[in-house]
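Below is one structure, written out as structure tokens; the observations come after it.
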Ligand SMILES: CCC[C@H]1O[C@@H](n2cnc3c(N)ncnc32)[C@H](O)[C@@H]1O
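Numbering (our numbering), first residue to last: 1 to 474.
The structure is reproduced here in structure tokens:
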């Protein structure tokens, strides 16, 4: 039975040795040697230290191409042309599905043709030495960004390869990313990842863990996103992780985004153990982008402005080519500079906005209601409680492809553009909270002369890519 219990070292070793059979590059992973290797890295490569000592929000893009030299060139370009403070390595989608043989084919084809045949960096195929060459060749700390439900081998190899930050979690990389993965199974697989990160930490190499805050990336109610972050943070902390960056995806409504980021930090500090350093990361809008690059820059600029007011520890930036997909280095660098411009212009201003405190209190009250139910369903065990609450629908994520989630929750924006809940399903929110959502959606319905309905949800999903925030009827 899945429990929120620290994985015994014997279990960690057994699983690691089984995983070695999954791809030949795993042979090179040797824990003690890897700890020594990390010890040779200079301070400016230590991810947690750079993040946790910064005096302003740090900027980090997403970026991943198949070949090692190209990845090095790309990351150095984003650092020097874009001003990235922290660097990513976005992993390809074959690797995310543990399809290492297909990733190998793609890598070999990329090497033959010079084409980017994969949509990311196949770190398992590059192996420990390839990862180390990458880490040594770029001028900033690097995080593994991916979307892998079973990320155990990827963690083994990238941790040994010098990476000191790793995105994802058992809910945030299951519910939004897969259809049939069993939640209990992904919780256990991520307990391995977190125990390995915890073990490196105990040997003096702090591995930063970043649960994936945006979830399905479109109109996710802040209380749901934050509840998932706290749950994944608790599961990681049990395994010995001491550096946690909780994430949140911009919804585009300034007051709600600032309130949500403040609630995220406050609830993270409250629920997670005192010896864990909790930081926050703000993902610029993860929904559909306008095709027009000037408008796309406007969306990115709003993200920068929001970050300047809310002051998260980190911002994941977007590019003006988001509508098209994977950006060029130049466009990705431009997204970094646009964000930086807004932050640098706004950061020192004393901006007072009414309504943020009230929204933050509402978000915190709603998040606590969800977390209380999860802990109650698990009789104090957050792993068990999470599984049960998803089974009953008391915990749920809108638009989730996963069969582990009921998928009954439907969000829609209120008259102010803030994300509210139209359909609750069995979500564990009490009536007085549900009433507030309904009242706010009724106000919008009155303004628009229509009933609150799924049509509002559909209109809101496309609104920003169409250049506005709320999907008002024409
Ligand atoms: C949750 C991830 C979605 C975002 O992740 C970006 N993304 C995906 N793959 C790459 C890549 N290989 N390089 C740069 N950005 C990438 C997409 O554009 C989107 O914004």
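Ideal placement from N, C-alpha and C gives every residue a C-beta, glycine not left out. Predicted, not measured: the structure shown is a model, and the values here were computed from it.
query: Simplified DSSP assignment, three categories, for residue 404; result: coil
query: Neighbourhood of residue 179 by C-beta, 7 angstroms cutoff - its chain only, sequence neighbours within 5 removed; result: 401, 402 and 403
query: Length of the line joining the Cα atoms of residue 300 and residue 312; result: 16 angstroms
query: Residue of 418, 392 and 92 minimising C-alpha distance to residue 407; result: 392
query: Residue 63 beta carbon near ligand 1 (any heavy atom closer than 6 angstroms); result: yes
query: Heavy atom of ligand 1 within 6 angstroms of residue 90 beta-carbon; result: yes
query: For residue 127, the three-state DSSP class (helix, strand or coil); result: helix
query: For residue 62, the nearest candidate out of 194, 243, 464 and 84 (CA to CA); result: 84
query: Cβ-heavy atom distance, residue 119 to ligand 1, below 6 angstroms; result: yes
query: beta-carbon residue 220 near ligand 1 non-hydrogen atom, thresh 6 angstroms; result: no
query: Closest Cα partner of residue 341 within the set 298, 269, 260 and 380; result: 298
query: Spatial distance of residue 395 from residue 42 (CA atoms); result: 43 angstroms
query: Nearest neighbour of residue 275, chosen from 241, 307, 289 and 256 [CA to CA]; result: 241
query: Test item: CB-CB of residue 142 and residue 74 under 7 angstroms; result: no
query: Any non-hydrogen atom of ligand 1 within 6 angstroms of residue 50 CB; result: no
query: Top-ranked residue by Cα proximity to residue 49, from 149, 361 and 207; result: 207
query: Given residue 248 as reference, the closest of 168, 33, 109 and 453 once Cα atoms are compared; result: 168
query: Spatial neighbours of residue 459 in its chain, beta-carbon cut-off 6 angstroms, leaving aside the 5 residues before and after; result: 471
query: Given 8 angstroms, three or more beta-carbon pairs between the segment 180-196 and the segment 413-431; result: no
query: Reference residue 374; option with closest CA among 68, 390, 277 and 66; result: 390
query: Beta-carbon proximity of residue 387 to residue 184, cut-off 7 angstroms; result: yes
query: Whole-angstrom distance between residue 331 and residue 72, CA atom to CA atom; result: 17 angstroms
query: Terminal residues of the beta strand (DSSP E) in which residue 208 lies; result: 208-210
query: Continuous alpha helix (DSSP H) stretch holding residue 248: start and end; result: From DSSP, residue 248 is part of no alpha helix (DSSP H) but of the beta strand (DSSP E) over 243-249.
query: Beta-carbon proximity of residue 437 to residue 205, cut-off 7 angstroms; result: no
query: Ligand 1 heavy atom lying under 6 angstroms from the CB of residue 326; result: yes
query: Presumed contact (8 angstroms Cβ cut-off) between residue 220 and residue 398, rounded CB distance; result: 6 angstroms
query: Same chain, Cβ closer than 6 angstroms to residue 130, neighbours up to 5 away in sequence not counted; result: 68
query: Collapsed DSSP secondary structure at residue 302 in the structure displayed; result: helix
query: Residue range of the beta strand (DSSP E) that includes residue 427; result: Unbroken run through residue 427: none, as it is neither H nor E.
query: Residues that residue 60 bridges to, as DSSP identifies them; result: 316
query: Meets three-Cβ-pair contact criterion under 8 angstroms: the segment 267-283 and the segment 447-459; result: no
query: Contact under 7 angstroms by Cβ, residue 469 with residue 252; result: yes
query: Beta-carbon proximity check, residue 318 vs residue 304, cutoff 7 angstroms; result: no
query: contact_flag[the segment 361-376, the segment 260-272] where n(CB pairs < 8 angstroms) is 3 or more; result: yes
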